[in-house]
Amino acid sequence: MEQSFMTEELDRTDRRILRLLQKDGRMANADLARKVNISAATCHRRTQRLFDAGCIRAVRAQVAPAAVDLSTLAMVGVVLDRSTSDSFAAFEQAVSETPEVLDCHLVAGDFDYFLKIRVRDMEHFNRLHAARLIALPGVRQTRTFFVMKEVVDNRPLDI
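Dropping the structure here:
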């Protein structure tokens, strides 16, 4: 059963493991243990505990969007027609089934949600917007911002 980690439960060694794995999730356990200055067995147990507790959610490769023909990045602000838990749940379920949506955040302010979307080009986005985005449950309005330059993207957490 997954439990949540409180930052007070993370000691210096846990934090060093997390920092190193954020930089290189493929680091071999033996190398990680050597850099943290603990035995390989202890390092494996600690890393597994961090996974089991939900402190580490996943380890995956960061694919270069251009390498897979998904160079266009758009941020889309969404306003729903109602602010009810049912309308939020319906929207969230539907948007989670839209593969082009990389991130979806419930926000405070002028929008209800912000979506981070990757597509091939403007034509691809236009088809997605017309066919899927404005048809998502409860959508009253969208406002799209096309990213001209990614200055900081997916920076490791400052642990």
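In the numbering used here, each number is its position in the sequence shown, counted from 1, plus 1019.
Yeah, the Cβ is synthetic: ideal placement off N, Cα and C, and Gly gets one too.
Here the structure is a predicted model, which is why all the values come from computation and not from measurement.
- Message: Using the three-state DSSP reduction, which class does residue 1032 fall into: helix, strand or coil?
- Response: helix
- Would you call the CB atoms of residue 1110 and residue 1157 closer than 8 Å? yes
- Skipping 5 residues on each side, what residues in its chain have a beta carbon closer than 6 Å to that of residue 1178? 1034, 1037 and 1038
- In angstroms with no decimal places, state the Cα-to-Cα distance between residue 1060 and residue 1175. 26 Å
- Message: Restricting to runs no shorter than 3 residues, where is the beta strand (DSSP E) found entirely within the segment 1026–1110?
- Response: 1091–1099
- Task: Take the Cβ of residue 1134 as the centre, count every other Cβ of all protein chains shown within 10 Å, and call the residue buried at 16 or more, exposed below.
- Result: buried
- List the endpoints of the continuous alpha helix (DSSP H) containing residue 1144. 1141–1147
- Can residue 1114 and residue 1155 be called in contact, C-beta distance under 8 Å? yes
- Are residue 1163 and residue 1095 closer than 8 Å when you measure CB to CB? yes
- Message: My output table needs one value for residue 1174: the three-state DSSP class, helix, strand or coil.
- Response: coil
- For the beta strand (DSSP E) containing residue 1165, list its first residue and its last residue. 1158–1165
- Item | Buried/exposed call for residue 1101, threshold 16 Cβ in 10 Å | exposed
- Using alpha carbons as the reference points, say which of 1044, 1090, 1030 and 1070 lies closest to residue 1138. 1090
- Under 7 Å Cβ to Cβ from residue 1104, same chain only, skipping five residues before and after it: list those, please. none
- Message: Taking a contact to mean a Cβ-Cβ separation below 8 Å, would you say residue 1098 touches residue 1130 in this structure?
- Response: yes
- Item | Cα-Cα separation between residue 1150 and residue 1083, rounded to whole angstroms | 26 Å
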